[in-house]
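Reviewing the structure listed below.
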Amino acid sequence: MATFGSLPLTGAGGEPVSFPHTIASHGLASLKPATPSDDGAYRIALRIDDAAVAVVLRPEGRAMSVASPRRLGARAADEALAQVRRMFRLDDDLAPFYAIARDDDLLRWTTGGAGRMLASPTVFEDVVKTICTTNCAWSGTIRMVGALVDDLGGGAFPSPGQMARAKESWYRDVARAGYRGAYLRALAREVARGALDLEALRPGRGLDDDACEAALLALPGVGPYAAAHAMQLLGRHHRLILDSWTRPTYLRLSEKKRAKDTTIVRAFKKYGAYAGLAFWLYITREWHP
DNA sequence: CGTCCAGGTCTAC
DNA sequence: GGTAGACCTGGACGC
68 MATFGSLPLT GAGGEPVSFP HTIASHGLAS LKPATPSDDG AYRIALRIDD
118 AAVAVVLRPE GRAMSVASPR RLGARAADEA LAQVRRMFRL DDDLAPFYAI
168 ARDDDLLRWT TGGAGRMLAS PTVFEDVVKT ICTTNCAWSG TIRMVGALVD
218 DLGGGAFPSP GQMARAKESW YRDVARAGYR GAYLRALARE VARGALDLEA
268 LRPGRGLDDD ACEAALLALP GVGPYAAAHA MQLLGRHHRL ILDSWTRPTY
318 LRLSEKKRAK DTTIVRAFKK YGAYAGLAFW LYITREWHP
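Heads up: the first sequence begins at 68 in our numbering, then just goes up one per residue.
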């Protein structure tokens with residue numbers, strides 16, 4: 068195991084980034100190609116030069132070390148660090164959110180560095196995984212993503228090309244993705260042939276939140292829930308993730324009997340551009356140390 | 001065994 | 001613009 072780099076646990080606005088809060092920030096972060104670990108480190112396989120490379124991330128004071136059992140060349144090491152930087156979204160500035168949270172009894176606990184939702188190295192991976200969460204139990208998501216990583220990707224998340232080349236029967240019989248198979252395959256094909264650039268949905272590339280949301284909603288299998296989910300992982304925090312898990316969780320924590328979606332949205336309107344993040348942190352507080 | 005539904009979306013009215 | 005019905009899969013549950 069050789070440490071080949073280190074990244075500061077600091078956001079673009081100088082705000083702290085909590086390593087444990089970030090890796091506990093949402094469910095997709097626990098899916099393959101991440102592997103469970105009980106020592107506080109985060110283990111994941113990255114796709115570098117079309118091969119799976121195991122990487123171990125570990126907090127070291129105000130930074131995180133990046134190590135691998137494989138000896139990496141300088142260019143591969145740079146690529147790995149760039150991917151980890153995107154996952155932790157270290158170029159995002161959450162300082163404006165913490166300025167709000169400091170004065171809010173419900174969210175003050177986040178100001179030590181919670182609120183970064185761990186993203187995948189690519190937007191493509193996050194969108195695919197999100198589609199795999201729709202209309203099925205969590206066990207189904209684990210099965211579908213596990214098949215993508217183990218069977219198609221050789222241990223790392225498959226490339227769009229690898230997913231595009233997989234047959235319909237693979238999605239049906241191996242991933243057991245049901246009707247989602249056609250969505251995933253179509254999505255991968257468009258990205259692989261260069262007709263669709265999901266990475267362009269990242270902030271700072273010319274698309275505002277509304278345009279980004281419209282682009283996501285136009286994707287096969289992506290509706291309001293999936294678009295909101297993908298937007299959060301992109302660091303676009305306006306929309307609330309409303310689904311069959313978040314709704315009842317909100318009711319339980321807020322001790323309400325029932326609440327329409329529009330009522331929940333109104334309750335978080337005061338957080339402005341961070342309404343979705345505030346909602347997510349409110350309902351996932353129990354996940355955090 | 002059948003029905004329901006899980007971290008929804010799409011199509012057709 | 002709003003709302004039913006269908007949709008793959010597989011656990012959970014009732015009968």
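All C-beta atoms in this analysis are idealised placements derived from N, C-alpha and C, irrespective of residue type, glycine included.
- Take the alpha-carbon of residue 344 and the one of residue 189: they are about 20 Å apart.
- DSSP lists 109, 133 as the beta-bridge partner residues of residue 124.
- The alpha-carbon separation between residue 76 and residue 132 amounts to approximately 10 Å.
- Rounded to whole angstroms, the separation of the alpha carbons of residue 338 and residue 318 is 19 Å.
- Short of 8 Å from the beta carbon of residue 119, and not among the five residues preceding or following it, lie these beta carbons of its own chain, in chain order: 100, 112, 113, 220, 221, 222, 223.
- Secondary-structure assignment with DSSP links residue 308 through no beta bridge to anything.
- With respect to the C-alpha of residue 83, the residue from 157, 306, 232 having the closest C-alpha is 157.
- Excluding the 5 residues flanking it on each side, residue 302 has same chain C-beta neighbours closer than 7 Å at 156, 159, 270, in chain order.
- Every alpha helix (DSSP H) of 4 residues or more that sits fully in the region 225-283 is shown, in chain order, as 227-232, 235-240, 247-259.
- Residue 343 carries a helical assignment under DSSP once its states are collapsed to helix, strand and coil.
- Taking each of 346, 283, 352, 127 in turn and checking the Cα distance to residue 304, the smallest one comes out for 346.
- DSSP places residue 74 in the uninterrupted beta strand (DSSP E) bounded by 69-75.
- Annotation for residue 328: the continuous alpha helix (DSSP H) segment containing it runs 328-334.
- With the rule of 3 Cβ pairs closer than 8 Å, the region 263-283 does not count as touching the region 179-187.
- Residue 83 carries a strand assignment under DSSP once its states are collapsed to helix, strand and coil.
- Counted as a single uninterrupted DSSP element, the alpha helix (DSSP H) harbouring residue 196 occupies residues 190-198.
- Taking a contact as a CB-CB distance under 8 Å, the pair residue 293 and residue 201 counts as one, their CB atoms being some 6 Å apart.
- The residue among 350, 300, 143, 265 with its C-alpha nearest the C-alpha of residue 285 is 265.
- The beta carbons of residue 70 and residue 134 sit about 4 Å from each other, so the pair counts as a contact at 8 Å.
- In the DSSP assignment, residue 159 falls outside any alpha helix (DSSP H) and carries neither an H nor an E.
- Setting aside the 5 residues that flank it on each side, residue 257 is surrounded in the same chain by 263, each with a C-beta closer than 7 Å to its C-beta; the list follows chain order.
- The three-state reading of DSSP puts residue 114 in strand, counting E and B together.
- Distance from the CA atom of residue 235 to the CA atom of residue 213, rounded to whole angstroms, is 17 Å.
- Residue pairing by DSSP puts residue 102 in a beta bridge opposite 110.
- Proximity to residue 192 across 206, 240, 216 peaks at 216, based on C-alpha coordinates.
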